[in-house]
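Q: In full-length UniProt numbering, the protein residues as written are 1 to 96. Submitted below is the structure of interest, expressed as structure tokens.
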Amino acid sequence: MNTISAQDFHLLQTNQPIAILDIRDKGAFNEGHYEHAISIPVTSLPNRLNELSKNQTYYIISHAGRRGQTMSQFLAQQGYQSIAVLGGMKALKSAS
1 MNTISAQDFH LLQTNQPIAI LDIRDKGAFN EGHYEHAISI PVTSLPNRLN ELSKNQTYYI
61 ISHAGRRGQT MSQFLAQQGY QSIAVLGGMK ALKSAS
């Protein structure tokens, strides 16, 4: 499984366009998210894979990072490229 630290993610997304997949629930997403992030809650993700491209690498953001890592493994098993952001949105808020 591929992962990236919150600090490295923050630097990466400020320097180039990347695909961000936010798997938090809609309420958490609406409270704050990265511009251009795709919102697909973790409970919906298995049924919405058709919305993702296997030619794209997705940076996965969850609340605290655990679900992001689990979903990154799931996506890899389905043939998708993904990188989990360690610590999720909690770590990202601290890093920015």
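Each residue gets a CB set at the ideal place from its N, CA and C atoms; glycine is no exception. All of these numbers come straight from a predicted model, not from anything done at the bench.
Could you work out which residue in Ile4, Arg24, Thr43 and Gln56 is closest to Pro17 when comparing CA atoms only?
A: If you number the sequence shown from 1, residue 17 lands on position 17. Cα-wise, what sits closest to Pro17 is Gln56.
Q: Mapping DSSP to helix, strand and coil, what is Asp8?
A: Taking the first residue of the sequence shown as position 1, residue 8 is located at position 8. Helix at Asp8.
Q: Starting from Gln69, follow the alpha helix (DSSP H) in both directions and report where the run begins and ends.
A: Indexing the sequence shown from 1 puts residue 69 at position 69. Segment Arg66 to Gln77, the alpha helix (DSSP H) holding Gln69.
Q: Who are the near neighbours of Phe29 in its chain, counting only those whose CB is closer than 7 Å to its CB and skipping five residues on each side?
A: Within the sequence shown, numbered from 1, the residue matching residue 29 stands at position 29. Here the set comprises Asp22 and Ser39.
Q: Comparing C-alpha positions only, which one of Gly88, Pro46 and Arg24 sits nearest to Gly79?
A: The residue you call residue 79 lines up with position 79 of the sequence shown. It is Pro46.
Q: Please determine whether the Cβ atom of Ser53 lies at a distance below 7 Å from any heavy atom of the ligand ADP.
A: Among the components of this structure there are no ligands whatsoever, and the ligand ADP is therefore not found.
Q: Looking only at DSSP bridge pairs, what is Ile18 linked to?
A: In the sequence shown, the residue the question calls residue 18 occupies position 18. Note: Ile18 sits in no beta bridge, so no partner.
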